[in-house]
């Protein structure tokens, strides 16, 4: 059994959080889901800083990142992750309520791996979350880890 | 220089002659000059000896009273009264003892470079000789002036009265043009001399320095062109300036000119307008003739009255013209104010536009278009003309009555545009309004061939005036009637008005653009907020209801189950509506990103998708050959999705739905159509079909948000195309979209 990497879910809205978790649960992924509630916490977790300085979990298989977040918004988190040489290979999926094209364009410019507008229909939403989970947490083969001396 | 043309020599030779310091006077008087500082005699003419029996050499340098005691006693006190510079003043008539006994002299005083010049002219035996005798003549002239209604009449009257007062054989009113050629515009004469009426004389006949003297000293007389000049004697090596003298000797060239003309006596009086030389009253006699100083002064006075009248008449004419043109201008302004563009206002009222400048044709040229009104050259020529103006005449207003002399190619259309009056509306966008006047072929009658003969004499070129003043006809081509100052003023004012309008429009547009930007920004902010904040609650309602349904389904009553389904459906619809609205608003804002699109492939992919979700519905697809186009792929896909989705939706009540997609070309457009055999619609609702939230069916019959066709129309319009529909209740519908081929064709 390979060591399953967690899924990092960054979501401030408690209702969206609950619904996303329900969707992930339904997709029966074995991956642990780590939940953080704002952009700053997300970066602390990813960069092992602050409260997460000593976490012993592996880096996430995928980050599900909401666009509108307190403190540091989703686009900036994305930018910092993609600018961090140690994190830039980590897949980031932007999960957003926004249909704004400018957000989408900006996200792709910053190197997002997928951009998902949360559908209104719950079934579609479940399908989307499930697809994301399956693709990024299970199917996606991460690039080989360079052998370090 | 050997290669000078005769006219060059002519002009330069005459204009160089220092005619104000001839060093001599005409013989009908005696001239003395006194130093203003100490009243010693500095100059005396040689005829002092013959007239007064005094040798000038013996008295030069002596005080006035000692040199010329009789004259000094008579006049010195009056002479020392201040006189204004540049004017000669008749002191009075004095009787002096001479070699021939007592003679009456008219004494005239003027000043010149620190000298007092005293001229004594023997009083002449005139028919009228005193102011008292002249007064009735002057009064009659003034009275008659009021009766003269035209400029011609006025001039005629002046010529006749001057002749009556002076007794000359011929009196001409001579008017200068802008090039200083003179034309005889009125004449009064007897049979002794031929008529010169309407003749034109070249500018070189009266060279520049002579004109300057004429301006300064308004009246000259040469009683006999065959006179022998009397030299001025003086110890002073500096020649005496005789500009204001009445006895000044004139140029030998001028005397030759007079003799050639057959007029041994002449007198001329300057007509001044605003201090500039406007013309001359020129008097000639076939025999020598002298006119006394009082009469000459009366003539000068009469001429000044005449000048003032002339000015008043001309000003009144100009004012009349101004008023008339103002009215035209006011109408044009009203026309322009009533239109979106000033051009429409002018083009729509071309009569007024041409009336403003008294033109037979006009053109309005902008960087986009060229409007030709009335008699004009062709469009290409008018455009070339504007380009020429832009390059060579950047002034706001440009006028010429001889275009072909400036622009040789204009000779080709001289019959339409020998006269050009142009105003520049915008330099940046090179916009012009042009007015045209046709060529008027004129015959000018010159007083003799204006080229003076030149002959070589003693190895140098010496000038002689022409011998013949026979009429010499010249045909002048390529000229129009000249543009009047009031017309030029009128178009200048029109230009200011238009520039004002254009500027104001530009400001309004800029303000509107600002407003639009602002409201667009607000709309963006609004839609961003809707996008994030309004969608979420609908998602939550659907999501939680689904969770409720999933976890609590077994415990729910049938009614509760139905309620939950309704909640889900309603929230879902609302959420979808928000999505569609957002898409609709984004469509207007986001920039098009045109790319080649294979519509056959596009339709096929939509068809597959629709078939997949069609469920029980049986659909018969008829898809014809479809072209590749250039369009925004996302938007054009949305348009086709909407049309095909509608076709499937509204035909699902049929046993077998039939959906046909095809295209054809029509006058520059590629037209796509989507036809179904569905429920159709009544053509009376066709206009409502494409409106936002317009539905023709009840929601229970056919679901949807009523925004699909509005989206289609918007997408097509953004591509510069059109959309329309045909239908019949229960007989199916056909939807068309036409995209311009220039943009739409791949």
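Residue numbers (my numbering), protein chains in the order written: chain A, 2 to 150; chain X, 1230 to 1975. All C-beta atoms in this analysis are idealised placements derived from N, C-alpha and C, irrespective of residue type, glycine included.
- DSSP lists no bridge partner for residue 1384(X).
- For the region 1757-1789 of chain X, residues whose beta-carbon sits nearer than 7 angstroms to a beta-carbon of chain A comprise 1757, 1760, 1761, 1764, 1765, 1767, 1768, 1769, 1771, 1772, 1775, 1776.
- Along the region 98-127 of chain A, going in chain order, the ones with a CB nearer than 9 angstroms to a CB of chain X are 98, 99, 100, 101, 102, 103, 104, 118, 119, 120, 121, 122, 123, 124, 126, 127.
- Contact between residue 1619(X) and residue 1659(X) holds, since their C-beta atoms are separated by about 5 angstroms, short of 8 angstroms.
- In the displayed model, residue 1419(X) falls within coil according to three-state DSSP, outside both helix and strand.
- Runs of the beta strand (DSSP E) lying entirely within the region 1571-1634 of chain X and spanning at least 3 residues, in chain order: 1590-1594, 1599-1603, 1626-1629.
- The C-alpha of residue 34(A) is placed about 22 angstroms away from the C-alpha of residue 85(A).
- Sequence-ordered contacts of the region 18-29 of chain A with chain X read 20, 23 [C-beta pairs closer than 7 angstroms].
- Cα atoms of residue 1584(X) and residue 1954(X): separation of roughly 51 angstroms, rounded to the nearest angstrom.
- The beta carbon of residue 1463(X) lies closer than 8 angstroms to those of 1262, 1271, 1272, 1273, 1289, 1469 in the same chain, with the five residues before and after it left out.
- Between the alpha carbons of residue 46(A) and residue 1939(X) lies a distance of about 47 angstroms.
- Taking a cut-off of 8 angstroms on C-beta distances, the region 1323-1338 of chain X does not touch the region 1489-1504 of chain X, as fewer than three cross pairs fall below it.
- Using beta-carbon distances, residue 1882(X) does not count as an interface residue toward chain A, since no partner is under 9 angstroms.
- CA-CA distance, residue 1967(X) to residue 1901(X), rounds to 6 angstroms.
- Cβ-Cβ separation between residue 1943(X) and residue 1755(X): approximately 18 angstroms, too far for a contact (criterion under 8 angstroms).
- The beta carbon of residue 1794(X) does not come within 9 angstroms of any beta carbon belonging to chain A, so the residue lies off that interface.
- Judged by beta-carbon spacing, residue 1909(X) lies beyond the 9 angstroms limit of residue 1878(X), meaning their Cβ atoms are not closer than that value.
- Beta-bridge annotation (DSSP): residue 1401(X) is paired with 1416(X), 1511(X).
- For chain X, the residues of the region 63-84 of chain A that bring a beta carbon within less than 9 angstroms of one of its beta carbons are 68, 69, in chain order.
- At a beta-carbon threshold of 9 angstroms, none of the residues of chain A lie near residue 1879(X); the nearest stands roughly 23 angstroms away.
- Close partners of residue 57(A) in chain X (Cβ separation under 9 angstroms) are lacking, with about 33 angstroms as the shortest Cβ gap.
- In this structure, the straight-line span from the alpha carbon of residue 1801(X) to that of residue 1788(X) is close to 20 angstroms.
- In this structure, the straight-line span from the alpha carbon of residue 1249(X) to that of residue 1504(X) is close to 20 angstroms.
- In the DSSP assignment, residue 1728(X) forms no beta bridge with any residue.
- Of all C-beta pairs linking the region 1509-1529 of chain X to the region 1541-1549 of chain X, fewer than three are shorter than 8 angstroms, placing the two stretches out of contact.
- Residue 16(A) belongs to the set of residues whose beta carbon lies under 9 angstroms from a beta carbon in chain X.
- Of the candidates 1720(X), 1711(X), 1648(X), 1720(X) places its Cα closest to the Cα of residue 1561(X).
- Of the residues assessed, residue 1452(X) falls on the buried side of the cut-off, its CB having 16 or more other CB atoms within 10 angstroms.
- Apart from the 5 residues on each side of it in sequence, residue 1711(X) sits with its Cβ closer than 8 angstroms to the Cβ of 1630, 1648 in its chain, given in chain order.
- Taken atom to atom, the span from the alpha-carbon of residue 1511(X) to that of residue 1572(X) is near 52 angstroms.
- Around the beta carbon of residue 1642(X), a 10 Å sphere encloses 16 or more other beta carbons of the protein chains shown; the residue is thus reported as buried.
- Between the beta-carbon of residue 44(A) and that of residue 73(A) there is about 7 angstroms, and that keeps the pair under the 8 angstroms contact cut.
- Here residue 1336(X) really is in contact with residue 1323(X); their C-beta atoms are around 5 angstroms apart, less than 8 angstroms.
- Our two residues, residue 1827(X) and residue 1899(X), have alpha carbons roughly 13 angstroms apart in a direct line.
- Nearest CB-CB separation between residue 1797(X) and chain A: below the 9 angstroms threshold.
- Taking a 10 Å sphere around the C-beta of residue 1565(X), we find 16 or more other C-beta atoms and assign the residue as buried.
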